[in-house]
Amino acid sequence: MNPVHLQTLLAIVDEGSFELAALVLGISPSAVSQRIKALEREAGRVLVRRTSPATATDAGEILVQAARRMRLLQAETDAQLHGRLARVPLSVAVNADSLATWFRPVLADVAGFGDVTLRLQIEDEAHSLALLRRGDVLGALTREAAPVSGCESLPLGVMRYLAVSTPELRDDFTRGGELDWAHMPTLRFGPNDALQDADLEGRLDGSVRRRRNISQIPSSEAFVHAARVGLGWALLPELQAKDLLDAGELVTLDEKVLEVELYWQRWRLESELLERLTCSVAAAATPLSTSGTAPGS
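Numbering-wise, the sequence shown is residues 32 to 328 according to this note's numbering.
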């Protein structure tokens with residue numbers, strides 16, 4: 032297939048419209064449309080949903096993945112041939128908790144790679160593989176150990192989560208020495224917050240009717256702040272909660288520790304940049320391999 036047509040398809044998916052893709056490519060929207068029509072004729076399939084934003088169909092996603100691989104390999108080939116680094120976007124899916132804690136050194140490492148751009152997509156670690164399968168990212172943090180077809184999987188360690196709240200909120204919802212889990216206000220990160228989906232397992236009998244007030248806070252920093260001011264109780268990474276627990280701003284609500292194993296999955300490509308990124312992620316994840324003891328309440 033025509034590489035120019037493939038890169039045009041990739042630009043539409045990345046930018047979300049034919050018009051924005053035209054601006055990025057420096058051509059007219061009609062030229063973009065003609066290229067996609069030619070590619071669809073060659074493939075014998077509709078490749079782009081003409082929606083807002085524009086998205087790839089199932090057939091289009093296969094070609095998008097091929098286009099990303101082609102762009103990365105072409106950029107690295109150019110760098111070797113011309114003795115310079117091309118602008119290579121490294122697309123990565125990362126969960127908000129990791130980005131707010133142990134993943135941050137990766138940003139500094141990538142800054143030292145040269146003329147390389149990093150494109151992060153925030154996604155719950157239970158759902159990030161969908162981005163990898165579609166070819167939207169080159170690597171992803173995930174809970175799944177089994178590698179996606181065409182990918183490699185590297186174990187990173189364990190994220191430990193504690194149930195915490197302010198001392199005042201805990202006291203307000205303690206009845207006869209027991210926490211009233213069914214009615215205590217709760218914090219959720221977002222609709223894909225898989226941790227909170229099962230937050231009451233082992234804490235509340237399933238037959239008990241739940242009348243919880245749930246606040247949704249889709250920002251890691253704001254999520255911690257909401258817990259600190261008593262908007263609700265939360266499952267926080269131990270890495271985030273430790274200093275607040277030591278200071279007495281938060282307390283643990285029980286001794287239960289939720290452990291989430293994390294894996295780094297990446298495309299199986301002969302790519303120096305992906306190798307360097309993988310080494311950076313593995314090094315940054317060192318705190319995850321250190322087992323700890325849940326702080327006391």
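Beta carbons are placed, not taken as given, at the ideal position from N, Cα and C, and that holds for glycine.
- In this model, D203 and P222 are separated by some 27 Å (Cα to Cα).
- For A194, the enclosing beta strand (DSSP E) covers residues 182-196.
- The beta-carbon distance between P136 and A313, rounded to whole angstroms, is 11 Å. This is too long to meet the 8 Å contact definition.
- Annotation for P249: F220, G221 place their beta carbon closer than 7 Å to its own, counting only its chain and skipping 5 residues before and after.
- In this structure, DSSP gives L169 a state outside helix and strand, which the three-state scheme calls coil.
- Taking R165 as the centre and dropping the five residues before and after it, the same chain places the C-beta of E92 closer than 6 Å to its C-beta, in chain order.
- Sequence-distant Cβ neighbours of F49 in its own chain, meaning closer than 7 Å and more than five residues away, are I43, P60, V63, S64, A85.
- Excluding its 5 nearest sequence neighbours in each direction, Q96 has C-beta neighbours in its own chain below 6 Å: G166, listed in chain order.
- Secondary structure within the segment 78-127: the beta strand (DSSP E) runs of 3 or more consecutive residues, fully enclosed, are 119-125 (chain order).
- Between Y192 and L226 the beta-carbon gap is near 6 Å, inside 8 Å, which marks them as a contact.
- Counted as a single uninterrupted DSSP element, the alpha helix (DSSP H) harbouring E46 occupies residues 34-46.
- Take the alpha-carbon of Y294 and the one of A157: they are about 11 Å apart.
- Just so you know, the alpha carbons of A272 and G261 end up roughly 14 Å apart.
- Nearest to L304 by C-alpha distance, out of R81, V79, D146, is D146.
- Per the coordinates, the alpha-carbon of V79 lies some 12 Å from the alpha-carbon of R72.
- Taking all protein chains in view, the Cβ of D285 is surrounded by fewer than 16 other Cβ atoms within 10 Å, so the residue is classified as exposed.
- Contact annotation: L266 and D236 have beta-carbon atoms that are not nearer than 8 Å.
- By the Cβ neighbour-count rule, A142 is exposed, with fewer than 16 other Cβ atoms within 10 Å of its own.
- Taking 3 residues as the minimum length, the beta strand (DSSP E) runs contained wholly in the segment 226-266 are 245-247, in order along the chain.
- Here T283 is buried. Its C-beta has 16 or more other C-beta atoms within 10 Å.
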